[in-house]
Structures are given as structure tokens and as C-alpha cells.
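Taking the working numbering, the leading residue of the sequence shown gets 1, the next gets one more, and so forth.
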Amino acid sequence: MSNQRQPIGVIGTGYVGLVTAAGFAEIGSEVWCVDIDAEKIAQLQRGEVPIYEPGLEQLLERNKERLHFSTELSGALEHARLLFVAVGTPPTHSGDADLSAVNAVVDAMPGSDRHALVMKSTVPCGTGATIQRVFGERGKGRMAYVSCPEFLKEGSAVKDFLNPDRVVVGDNGDWAGDAVVELYAPLDAPLVRTDVASAEMIKLAANAFLATKISFINEIANVCEETGADVIEVARGVGLDDRIGPKFLQAGIGYGGSCFTKDVSALKLLAANSGYHFQLLNAVTEVNELQKRRVVSKLQRHVGTLAGKRVGLLGLAFKPETDDMRGASSLVLAARLLAEGALVSAYDPIAEDEARKLMPELAYCASALDAVRGSDAVVLVTEWSELLRLDWSEVAEAMSGGLVIDGRNALDPETVRSAGLSYEGIGRR
Ligand SMILES: NC(=O)c1ccc[n+]([C@@H]2O[C@H](COP(=O)([O-])OP(=O)(O)OC[C@H]3O[C@@H](n4cnc5c(N)ncnc54)[C@H](O)[C@@H]3O)[C@@H](O)[C@H]2O)c1
Numbered sequence: 001m002s003n004q005r006q007p008i009g010v011i012g013t014g015y016v017g018l019v020t021a022a023g024f025a026e027i028g029s030e031v032w033c034v035d036i037d038a039e040k041i042a043q044l045q046r047g048e049v050p051i052y053e054p055g056l057e058q059l060l061e062r063n064k065e066r067l068h069f070s071t072e073l074s075g076a077l078e079h080a081r082l083l084f085v086a087v088g089t090p091p092t093h094s095g096d097a098d099l100s101a102v103n104a105v106v107d108a109m110p111g112s113d114r115h116a117l118v119m120k121s122t123v124p125c126g127t128g129a130t131i132q133r134v135f136g137e138r139g140k141g142r143m144a145y146v147s148c149p150e151f152l153k154e155g156s157a158v159k160d161f162l163n164p165d166r167v168v169v170g171d172n173g174d175w176a177g178d179a180v181v182e183l184y185a186p187l188d189a190p191l192v193r194t195d196v197a198s199a200e201m202i203k204l205a206a207n208a209f210l211a212t213k214i215s216f217i218n219e220i221a222n223v224c225e226e227t228g229a230d231v232i233e234v235a236r237g238v239g240l241d242d243r244i245g246p247k248f249l250q251a252g253i254g255y256g257g258s259c260f261t262k263d264v265s266a267l268k269l270l271a272a273n274s275g276y277h278f279q280l281l282n283a284v285t286e287v288n289e290l291q292k293r294r295v296v297s298k299l300q301r302h303v304g305t306l307a308g309k310r311v312g313l314l315g316l317a318f319k320p321e322t323d324d325m326r327g328a329s330s331l332v333l334a335a336r337l338l339a340e341g342a343l344v345s346a347y348d349p350i351a352e353d354e355a356r357k358l359m360p361e362l363a364y365c366a367s368a369l370d371a372v373r374g375s376d377a378v379v380l381v382t383e384w385s386e387l388l389r390l391d392w393s394e395v396a397e398a399m400s401g402g403l404v405i406d407g408r409n410a411l412d413p414e415t416v417r418s419a420g421l422s423y424e425g426i427g428r429r
């Protein structure tokens with residue numbers, strides 16, 4: 001690849017920032033990364049990768065000459081015109097997006113006509129307009145602004161960055177929008193070039209729609225349980241309609257992660273703050289919360305009271321191939337089990353360290369078999385491929401009871417049953 005491409009700055013080196021930095025370095029840019037977390041920057045300078053993301057370590061290693069890490073903005077400001085912002089926007093207590101990290105970046109910007117702020121962080125629609133107004137009020141109105149929301153998925157983030165479904169660029173038709181479009185050109189992705197507000201809304205609407213699809217199929221699964229239908233069959237038949245499509249029709253114990261929950265809430269409150277009641281999203285959220293808890297009643301139905309019962313959790317991360325525990329369904333499930341007096345042991349191939357910080361009271365095990373040993377029931381929480389390949393006869397031998405709840409509908413019921421265990425999925429016959 002050409003090394004003549006424009007240098008960029010990336011502010012915030014978390015899941016999105018680090019993948020964005022490594023991805024743009026891969027296609028030829030010099031990248032100046034900035035984070036306020038001095039420990040994270042020290043790790044990155046030593047060549048250590050602070051997060052688990054398949055392919056990221058190799059990408060960073062291959063492009064290390066082009067990647068610079070610092071806690072100071074000055075290097076990025078000196079070398080790059082486009083400053084990508086990828087800081088966190090977690091929910092506040094009210095459920096609105098917390099823009100304090102974004103605002104700290106805005107405060108640190110110079111009044112320069114050389115630079116543009118390129119917003120990758122997911123922000124409420126209207127944030128770009130506010131930031132541009134603030135720049136104007138502070139005499140920094142020459143600073144350009146672009147909304148460039150990110151759609152990568154943890155677990156396949158590198159692949160998603162390099163092969164995006166689409167690139168969305170929301171701008172004011174100036175040099176900065178053109179420069180972002182040019183930067184993405186080698187990826188040859190469909191481009192949606194639009195205004196800033198629409199770009200911001202595309203991101204929120206996409207996540208809200210995906211969450212809606214999951215809650216919808218989960219409700220169908222719950223009705224299947226009452227009526228004798230099998231949600232896997234139903235989803236297959238429904239998903240072949242090309243107006244609907246098969247993706248995100250996997251019933252389970254609810255969505256987790258850092259994005260869906262907070263972005264659905266942010267969109268709902270954005271609407272409410274503008275005087276509109278986004279009723280549908282209330283249901284999406286409520287269904288998801290209840291779905292995480294339904295496993296507890298399934299367990300109780302089979303084994304009676306959970307007080308003193310041993311339950312083994314297989315997988316803890318919010319989805320496979322990530323160490324991210326933010327919003328993981330396992331957090332709610334484990335808390336509910338402990339509240340019922342169950343003894344909970346757990347195994348996750350990658351996310352154990354993160355999980356320990358959030359759930360120190362669980363008994364962590366070095367293998368799946370250790371986690372199920374002596375248990376009355378086992379719940380598959382995260383469908384790591386390692387867990388899908390378990391030898392269920394060995395599991396049956398290690399358990400003291402015989403119940404397997406497949407929280408992701410990812411196991412073959414017959415394989416589990418032929419090991420002498422009882423199988424129950426979500427919405428399966
Ligand atoms: N994680 C995802 O899958 C995903 C996907 C698409 C969009 N997003 C959005 O991207 C944004 C970032 O998400 P993430 O998961 O990468 O978050 P993250 O928490 O992993 O990373 C954020 C990083 O920003 C740093 N930071 C905070 N304040 C800073 C400041 N003032 N200056 C420099 N660095 C600062 C933090 O130290 C941290 O390293 C969020 O708005 C999120 O909604 C995330």
C-alpha cells in the first residue's frame with residue numbers, strides 16, 4: 001500500500017479507537033494515538049495490546065512503525081489534520097449519553113482551520129451541531145467537523161473495519177468531509193455521504209433496530225415455549241423472507257455489550273427530550289431485561305429452589321471472541337442466581353479477568369469441566385466455539401445433576417440428551 005496517505009490522529013484507544021488506528025495504519029496512514037489512560041498508553045508503547053480482539057495484535061505489530069502512542073495531544077495536532085474521536089459515551093444515571101469525555105476533547109481543541117474533529121464515538125443526534133456552536137462561541141469556528149459513526153462489532157472488529165458494510169460521512173460539504181471520504185476510499189465500501197445530524201441518527205437507528213430484532217425474536221421464542229413451536233424453525237422460515245433476512249433472529253438470553261443497551265436508551269431519551277415518546281424502545285428494553293431473568297425461572301422449574309444448588313456458568317463475556325464484560329447478560333444472571341442462594345461457578349476462555357472485577361463473588365474455574373463439576377445445572381451463557389465442542393459425556397460425568405440450559409440455542413439438543421442430560425434451550429421444543 002502507498003505510504004503517501006494522510007496522517008491522522010485518533011483520540012481514545014479503546015475497542016473502536018485502537019482498531020481504527022491499526023486499520024488506517026494498515027492502509028497506509030501514519031497514526032497518532034492519544035489516550036488519557038497513561039497505563040494503557042505505556043502498554044501500547046511496549047507493544048502490548050490492552051484488549052482481546054482477534055487479529056488486532058498482528059495488525060498493530062505489522063504496522064508498528066506507523067503507529068505512535070501518547071497521552072499528549074500535541075503530536076496528533078502537529079502531524080495530522082483529521083482527529084478521530086473514539087472516547088467512551090457511557091450512559092449517565094438518567095440514561096442519556098454521558099458526553100463528558102467528548103466535551104473534554106472539544107475543550108482541548110485549538111481554534112485552527114487546519115484541523116477537523118471526526119466523531120467516531122456514538123453521540124446523540126444534535127451533538128455535532130452543539131459542538132460546532134461551541135467552537136463558534138469560543139472563537140474556534142474555523143475548526144471543521146465530521147460525523148463518521150462506527151459500525152464495527154467486537155469479536156470481528158478488524159475484519160469489520162477493513163470490510164465495512166458501509167461508510168457513513170456526515171459533514172458540511174467542506175475539505176474535511178472530502179478528506180474522510182478519501183481516507184476510506186481504499187476500503188471500497190458503499191458510501192453514505194450526508195449531513196451531520198443524519199449521520200448521527202443513522203448510528204442510533206441502526207443499533208436500535210438490531211436490538212428490536214433481537215427482542216422481537218426473543219418474544220417469539222417465549223410464545224413458542226407456550227405453544228409448542230420451535231423458534232429455530234420459526235426463525236429459519238421467517239428469515240428466508242428477504243425483506244426480513246436471517247441475521248439477528250437468534251433467540252437467547254438477551255443482548256448485552258456496551259452499545260445496544262446504552263444506544264437504545266440514548267435514542268429513547270433523545271426522543272423524549274425532544275418531546276416524542278418512543279414507545280417501541282421501552283418494550284425492546286423491557287423484553288431484554290426480562291429475558292436475562294427467565295433463565296432463573298427455567299432453572300427453578302427443573303431443580304426447585306436454588307438455595308444451596310450449584311450452577312455452572314459456561315461463558316461470561318457479552319459475546320464470543322471478546323473480553324468485554326460491559327452489559328453482559330451473565331452479570332444479571334449471576335446476580336439473580338446469587339440472590340436466590342445458588343453457588344455459582346464460572347468459566348470463560350478470555351473474559352475471566354474482566355469478570356472478576358465485576359463479579360468477585362463467583363468461583364472462577366480454569367476449565368469448563370471444572371466449572372460444571374458437582375453442579376446441579378449448567379447454563380451456556382456465551383457461545384464460545386470451545387464450549388460448543390465440549391464432550392457432553394464428560395460433562396454429564398462431572399455434574400451431580402443433569403440439567404443443561406442452552407442460553408444461546410447454540411448446542412445440538414440430541415448430542416446433549418444422548419449424554420444422558422436434560423436439555424432446555426430458549427423457545428425450542
Ligand atoms: N465497542 C464497540 O463495539 C463500539 C462499536 C461502535 C461504536 N462504539 C462507540 O465508540 C465509542 C468508544 O467505544 P469503545 O468501546 O471503544 O470505548 P472504550 O471505553 O473501550 O474506549 C474509550 C477510550 O477513550 C479514552 N478516553 C476517555 N476520555 C479521553 C480523553 N479525554 N482523551 C483521550 N482519551 C480518552 C479511555 O481511556 C478509553 O481508552 C463509544 O461512543 C461507543 O458507543 C463502540
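The beta-carbon is built from N, C-alpha and C at its ideal position, and this holds for glycine as well.
Since the model is a prediction, treat every value here as computed from it, not as a measurement.
Identify whether residue i lies in helix, strand or coil by the three-state DSSP scheme.
{"i": "E30", "result": "coil"}
{"i": "S147", "result": "strand"}
{"i": "H68", "result": "strand"}
{"i": "M325", "result": "coil"}
{"i": "S2", "result": "With a pLDDT of only 44 at S2, under the threshold of 50, the placement of this residue in the model should not be trusted; the figure read from the coordinates follows. Looking at S2 - three-state DSSP - the assignment turns out to be coil, as it is neither helix nor strand."}
{"i": "I202", "result": "helix"}
{"i": "P413", "result": "helix"}
{"i": "A97", "result": "strand"}
{"i": "A363", "result": "strand"}
{"i": "P124", "result": "coil"}
{"i": "P91", "result": "strand"}
{"i": "A211", "result": "helix"}
{"i": "P186", "result": "helix"}
{"i": "G252", "result": "coil"}
{"i": "V105", "result": "helix"}
Using only alpha-carbon positions, find the residue among the options that is nearest to residue i.
{"i": "A206", "options": "Y15, P149, E414, I51", "result": "P149"}
{"i": "C33", "options": "Q45, R5, S70", "result": "S70"}
{"i": "G427", "options": "L390, G254, A272", "result": "G254"}
{"i": "E321", "options": "G139, L67, A157", "result": "A157"}
{"i": "Q291", "options": "R310, T122, Q250", "result": "Q250"}
{"i": "A272", "options": "L59, S94, K40", "result": "S94"}
{"i": "K140", "options": "G111, Q132, H115", "result": "G111"}
{"i": "I202", "options": "N163, T122, V231, L281", "result": "T122"}
{"i": "G374", "options": "E200, L183, A346", "result": "A346"}
{"i": "E182", "options": "G237, A410, I27, E61", "result": "I27"}
{"i": "R336", "options": "P349, H302, S297, A317", "result": "S297"}
{"i": "F65", "options": "L82, D391, V31", "result": "The question names Phe, but residue 65 in the sequence shown is Glu. Looking at the Cα atoms, V31 is the closest of the given residues."}
{"i": "I41", "options": "L67, A229, A25", "result": "L67"}
{"i": "N218", "options": "F248, M143, E200", "result": "F248"}
{"i": "G252", "options": "L270, V231, G237, P246", "result": "V231"}
{"i": "V287", "options": "S329, N163, G312, H79", "result": "S329"}
{"i": "T305", "options": "L314, A342, N172", "result": "A342"}
{"i": "R107", "options": "R114, R326, R133, T92", "result": "A small correction: the amino acid at residue 107 is Asp; Arg does not occupy that position in the sequence shown. When each option's Cα is compared against that of D107, the closest is R133."}
Just how far apart, CA to CA, sit residue i and residue j?
{"i": "D324", "j": "V332", "result": "15 Å"}
{"i": "A208", "j": "T261", "result": "9 Å"}
{"i": "V10", "j": "E48", "result": "18 Å"}
{"i": "E289", "j": "A221", "result": "15 Å"}
{"i": "A266", "j": "D96", "result": "5 Å"}
{"i": "D165", "j": "C365", "result": "38 Å"}
{"i": "E424", "j": "V404", "result": "6 Å"}
{"i": "R243", "j": "G23", "result": "32 Å"}
{"i": "A419", "j": "K153", "result": "35 Å"}
{"i": "V146", "j": "P7", "result": "16 Å"}
{"i": "F278", "j": "R293", "result": "24 Å"}
{"i": "G239", "j": "K213", "result": "11 Å"}
{"i": "D35", "j": "Y276", "result": "37 Å"}
{"i": "S100", "j": "S393", "result": "52 Å"}
{"i": "V87", "j": "V105", "result": "9 Å"}
{"i": "L117", "j": "V169", "result": "12 Å"}
{"i": "T20", "j": "P50", "result": "15 Å"}
{"i": "V284", "j": "F216", "result": "8 Å"}
{"i": "P124", "j": "A199", "result": "10 Å"}
{"i": "V395", "j": "D160", "result": "35 Å"}
{"i": "R408", "j": "Q43", "result": "35 Å"}
{"i": "S2", "j": "D174", "result": "Any reading at S2 is ruled out, since the residue's pLDDT is 44, under 50, leaving its predicted position unreliable."}
Bridge partners for residue i per DSSP, in chain order?
{"i": "L421", "result": "Beta-bridge pairing links L421 to no other residue."}
{"i": "F84", "result": "V10, V118"}
{"i": "V192", "result": "V168"}
{"i": "V311", "result": "V344, A377"}
{"i": "D406", "result": "L380"}
{"i": "A368", "result": "Paired residue(s): none; A368 is not in a bridge."}
{"i": "A176", "result": "Beta-bridge pairing links A176 to no other residue."}
Output yes if chain B places a C-beta closer than 7 Å to the C-beta of residue i; else output no.
{"i": "S198", "result": "In the displayed structure, chain B is absent; only one protein chain is listed."}
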